[in-house]
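Structure first, then comments.
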Amino acid sequence: MKNHVITATLALTIGMSAPLVAHAQSAADQLQEYRAMLADGNPAELYEMEGEELWVKAMGPKNASLEKCDLGLGPGVVEGAAAQLPRYFADTGKVQDLESRLMTCMETLQGIPQAEVVKASFGKGVRQPMEAMVAYIVGQSKGMPIKVPASHPKEKEMVALGEKIFFLQGGPMDFSCASCHAVDGQRIRMQDLPNLTQKEGAAAGWGNWPAYRVSSGTFWTMQRRLNDCYRQQRMPFPIYGSDVTVALSIYMANKADGGEMNTPGLKR
Amino acid sequence: MKNQMMNRSVVLGAVLFGLSFGVSAQAVDPAVMAIMESSFRTQGIADKSRIYPDEIQVLCSDKAVLNSPEGQKKAIALQTAALAAIKPPSDGVYMGDWKAGEKVAQSGRGSTWKDSDKTVNGGGCYNCHQVTKAEISHGTIGPSLLGYGKLRGNSKEIVEYTWNRINNSKAYNACSNMPRMAHFKLLTEQQMKDVMALLLDPASPVNQ
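If you read the sequences in order, they're chains A and B.
Its first residue numbered 645, the first sequence is counted upward by one per residue in our numbering.
Its first residue numbered -8, the second sequence is counted upward by one per residue in our numbering.
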């Protein structure tokens, strides 16, 4: 049903010149064209602008900004930081992705308890400003090479766990991440599926999320992307910023090492 | 389904702690299961016990084990057990209505935490398979089913094979990507009959 709507919207957007009965392959080409057209003005820019302001705004019980937050390249360094995440942080003793790291900074600098962020819903409450800051931060790595070599032993350990989790089947449909993302050139309905076990596919996946989603009209962080993957796998709810989500993230980012950050991306 | 999932977690518990059931026990890396346990929670109908894999899922999660001689032996044992557990239609009638079957094939709904236990599950066939010429929005993970009945006919053998495949695809390939539609009660008996008709009825658009 949703796919019908998208196909129809697509044909309309492209100007009715393409017949709706187009062959599957050319429909995929049209989707590509549609994305290219929209890429001139990615609505994620609105989130980026909001996030840039929020980054320096005093908030939370401690009435402080996140300007001194260390995203891995030193306190306050935002440029290029997202391209080198997830990584190991000595102060927490954990491998963290952007969102779990932001939770640490919000708690330590602003006094916002992590539990409050974890229990909020995507796009709501304390998550709303946080997601805008995610858009701003990943935008500050746009065009940079992904640099997640996983050289620290803790990072290596998380990559290895992430790989096993990637292939771990569960739920009433026997799905794992690998059910859809371990072979080149496959589709679910009209949606192309990147092969996340190879550098090219991993770079296409990791390097284009977080992204603005045209179908929902909202900005989706990587945590939200993973959350919805697990929903569709019919699995239970992955807790926000949990180890499984970080392990899968560093597995993908490490596979994508050397690829390009095109964030925030633009998706159907 | 929840009960079945609970039973599965009990089975997994036994597998994890090394009590074997004739076939040597294979366990998921305990470090992996530990972070799975701390990283998921129940939401709606998606019970947390769904993280615990059953024997087939454990085997199919590890390519190295699966491809070993012992893994292959286990795959065959699990396939045999899966085939033996399939029930023929209760009234002996295999064919339903292809029009209803097309609706089942189109719907990818059900069983997620946004669904309720009243949500009617779809078969999600088009997610992975080409089924009819008219529907161009189809996936490519599974083989094309275009002309399925026209190519194979509807001998007793083909009818039973198709029924079995829909009921539990793992009866023929332990690590088939296709969900076990009857084993986990994803589809009702009537829905499976309707999908049978979609594939095998000469009047179905699949066979035009």
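C-beta atoms are modelled at their ideal positions from N, C-alpha and C, and glycine is treated no differently.
Computed from a prediction, not measured in an experiment: that's the story for all the values here.
- Query: With distances taken between CB atoms, is the gap from Y139/B to V84/B smaller than 8 Å?
  - Reply: The count along the second sequence starts at 1 and reaches residue 139/B at position 148. The count along the second sequence starts at 1 and reaches residue 84/B at position 93. No, they are not a contact pair.
- Query: Can you name, in chain order, every residue of its own chain whose Cβ lies under 7 Å from the Cβ of V890/A, other than the five neighbours on each side?
  - Reply: Taking the first residue of the first sequence as 1, we reach residue 890/A at position 246. Excluding sequence neighbours, V890/A sits near P730, V739, Q740, D741, S744 and M802.
- Task: Report the rounded CA-to-CA distance for D192/B versus I883/A, giving the unit in angstroms.
- Result: Against the second sequence, residue 192/B aligns to sequence position 201. Against the first sequence, residue 883/A aligns to sequence position 239. One C-alpha to the other measures close to 46 Å.
- Message: Could you give the first and the last residue of the continuous beta strand (DSSP E) run that contains A855/A?
- Response: What you label residue 855/A is simply residue 211 of the first sequence in a count that begins at 1. A855 to R857 is the span of the beta strand (DSSP E), which, as asked, contains A855/A.
- Quick one: does R171/B have its CB under 8 Å from some CB of chain A? Position 180 of the second sequence, counted from the start, is the residue given in the question as residue 171/B. With 8 Å as the cut-off, R171/B counts as an interface residue toward chain A.
- Task: Mind listing, in chain order, the continuous alpha helix (DSSP H) runs of no fewer than 4 residues lying wholly within the region 24 to 87 of chain B?
- Result: Taken in chain order, the complete alpha helix (DSSP H) segments of 4 residues or longer contained in the region 24 to 87 of chain B are 46 to 51, 54 to 57 and 60 to 76.
- Query: Within this structure, are the beta carbons of Q754/A and M703/A separated by less than 8 Å?
  - Reply: Numbered from 1 along the first sequence, position 110 holds the residue referred to as residue 754/A. Numbered from 1 along the first sequence, position 59 holds the residue referred to as residue 703/A. Yes, the pair counts as a contact, with Cβ atoms nearer than the cut-off.
- Message: Is it buried or exposed, G829/A, if we count other Cβ atoms within 10 angstroms and call 16 or more buried?
- Response: In the first sequence, counting from the first residue as 1, residue 829/A sits at position 185. It is exposed - the Cβ of G829/A has fewer than 16 other Cβ atoms within 10 Å.
- Message: I need the straight-line Cα distance from S29/B to I809/A, nearest angstrom please.
- Response: Locating residue 29/B in the second sequence gives position 38, where the first residue counts as 1. Locating residue 809/A in the first sequence gives position 165, where the first residue counts as 1. The alpha-carbon atoms of S29/B and I809/A are separated by roughly 13 Å.
- Message: I need the straight-line Cα distance from A804/A to G87/B, nearest angstrom please.
- Response: Position 160 of the first sequence, counted from the start, is the residue given in the question as residue 804/A. Position 96 of the second sequence, counted from the start, is the residue given in the question as residue 87/B. Roughly 48 Å between the two C-alpha positions.
- Is R869/A close to chain B, meaning its C-beta is less than 8 Å from at least one C-beta of that chain? Taking the first sequence and counting its residues from 1, one reaches residue 869/A at position 225. No, its Cβ sits nowhere closer than 8 Å to a Cβ of chain B.
- Do N135/B and G113/B have their CB atoms nearer than 8 Å? For this step, residue 135/B is matched to residue 144 along the second sequence. For this step, residue 113/B is matched to residue 122 along the second sequence. First, the amino acid is wrong: residue 135/B is Ser here, not Asn. Pairing S135/B with G113/B gives a Cβ-Cβ distance that is not under 8 Å.
- Since I believe D38/B is in contact with P880/A (beta carbons under 8 Å), could you give me their beta-carbon distance rounded to a whole number of angstroms? Along the first sequence, read from residue 1 onward, the residue named residue 880/A stands at position 236. Along the second sequence, read from residue 1 onward, the residue named residue 38/B stands at position 47. In this structure P880/A touches D38/B by the C-beta definition: roughly 6 Å separates them, less than 8 Å.
- Task: Mind listing the chain A neighbours of C51/B? Cutoff is C-beta to C-beta under 9 Å, in chain order.
- Result: Taking the second sequence and counting its residues from 1, the one referred to as residue 51/B is at position 60. Result: F811, Q813, D818 and S820.
- Item | Per-residue contacts from D20/B into chain A (C-beta, under 7 Å) | Position 29 of the second sequence holds residue 20/B. Those are K808, listed as they occur along chain A.
- From the beta carbon of F881/A, is the nearest beta carbon of chain B less than 8 Å away? Sequence index remark: in the first sequence, residue 881/A carries index 237 (1-based). Taking Cβ atoms only, chain B reaches closer than 8 Å to F881/A, which makes this a yes.
- Item | Which residues DSSP lists as bridging I832/A, in chain order | Your numbering for residue 832/A matches position 188 in the first sequence. Looking at the DSSP output, I832/A sits in a beta bridge with Q835/A.
- Message: With distance defined between alpha-carbon atoms, name the residue in R143/B, K176/B and D20/B nearest to L190/B.
- Response: Residue numbering aside, residue 190/B sits at position 199 when the second sequence is read from its first letter. Selected option, being the one with the closest Cα: R143/B.
- Query: Would DSSP call M750/A helix, strand or coil?
  - Reply: For the purposes of this step, residue 750/A is taken as residue 106 along the first sequence, with counting starting at 1. In the structure shown, M750/A sits in a helix (DSSP, three-state: H, G or I).
- Query: Going along the chain, which residues of its own chain have a beta-carbon closer than 6 Å to the beta-carbon of Q728/A, five neighbours each way excluded?
  - Reply: Working through the first sequence from its first residue, we reach residue 728/A at position 84. Closer than 6 Å at the Cβ level, and outside the excluded window around Q728/A, lie G716 and K791.
- Item | Beta-carbon gap between G718/A and M777/A smaller than 8 Å | Here residue 718/A corresponds to residue number 74 of the first sequence, with the count starting at 1. Here residue 777/A corresponds to residue number 133 of the first sequence, with the count starting at 1. No, the pair does not count as a contact, with Cβ atoms beyond the cut-off.
- Extent of the continuous beta strand (DSSP E) to which W864/A belongs: Residue mapping note: residue 864/A aligns to position 220 of the first sequence, counting from 1. Counting along the chain, the beta strand (DSSP E) containing W864/A begins and ends at T862 to W864.
- Message: Can you check which of these residues, N906/A, N898/A, Y874/A and E904/A, is closest to K105/B by C-alpha distance?
- Response: For this step, residue 105/B is matched to residue 114 along the second sequence. The candidate whose alpha carbon is nearest that of K105/B is Y874/A.
- Rounded distance between the beta-carbons of L812/A and V95/B, thought under 8 Å: Here the question's residue 95/B lines up with position 104 in the second sequence. Here the question's residue 812/A lines up with position 168 in the first sequence. V95/B to L812/A, Cβ: 29 Å. No contact.
- Return the chain-ordered list of same chain residues with a C-beta closer than 8 Å to the C-beta of H174/B, the five sequence neighbours on each side being excluded. If you number the second sequence from 1, residue 174/B lands on position 183. Only A73, A76, N158, N159 and K161 meet the Cβ criterion.
- Query: Which two residues bound the contiguous beta strand (DSSP E) that contains F733/A?
  - Reply: Indexing the first sequence from 1 puts residue 733/A at position 89. Looking at the DSSP string, the run of the beta strand (DSSP E) that includes F733/A is R731 to F733.
- For K768/A versus T907/A, is the C-beta spacing smaller than 8 Å? Translated into positions along the first sequence, residue 768/A becomes position 124. Translated into positions along the first sequence, residue 907/A becomes position 263. Not closer than 8 Å, so no.
- Query: By how many angstroms is the C-alpha of F31/B removed from the C-alpha of R868/A?
  - Reply: In the first sequence, the residue the question calls residue 868/A occupies position 224. In the second sequence, the residue the question calls residue 31/B occupies position 40. Cα-Cα distance, rounded: 14 Å.
- State buried or exposed for L664/A, treating a residue as buried only when at least 16 other CB atoms are found within 10 Å of its CB. Translated into the one-based positions of the first sequence, residue 664/A becomes position 20. A caution first: L664/A carries a pLDDT of 42, below 50, which makes its placement in the model too unreliable to give a value.
- Query: Which residues in chain A sit within 7 Å of N200/B, going by Cβ to Cβ distance?
  - Reply: Lying before the first or after the last residue shown, residue 200/B is absent from chain B, which here runs from -8 to 199.
- Identify the contact partners of V23/B in chain A, using a Cβ-Cβ distance below 7 Å as the criterion. Within the second sequence, the letter at position 32 stands for residue 23/B. Those within 7 Å of V23/B in chain A are L805, K808, I809 and L812.
- Determine, using beta carbons only, whether W850/A and R857/A come nearer to each other than 8 Å. In the first sequence, counting from the first residue as 1, residue 850/A sits at position 206. In the first sequence, counting from the first residue as 1, residue 857/A sits at position 213. No. Outside cutoff.
- Query: Under the three-state reduction of DSSP, which class applies to V150/B: helix, strand or coil?
  - Reply: The residue labelled residue 150/B in the question sits at position 159 within the second sequence. V150/B: helix per DSSP, three-state reduction.
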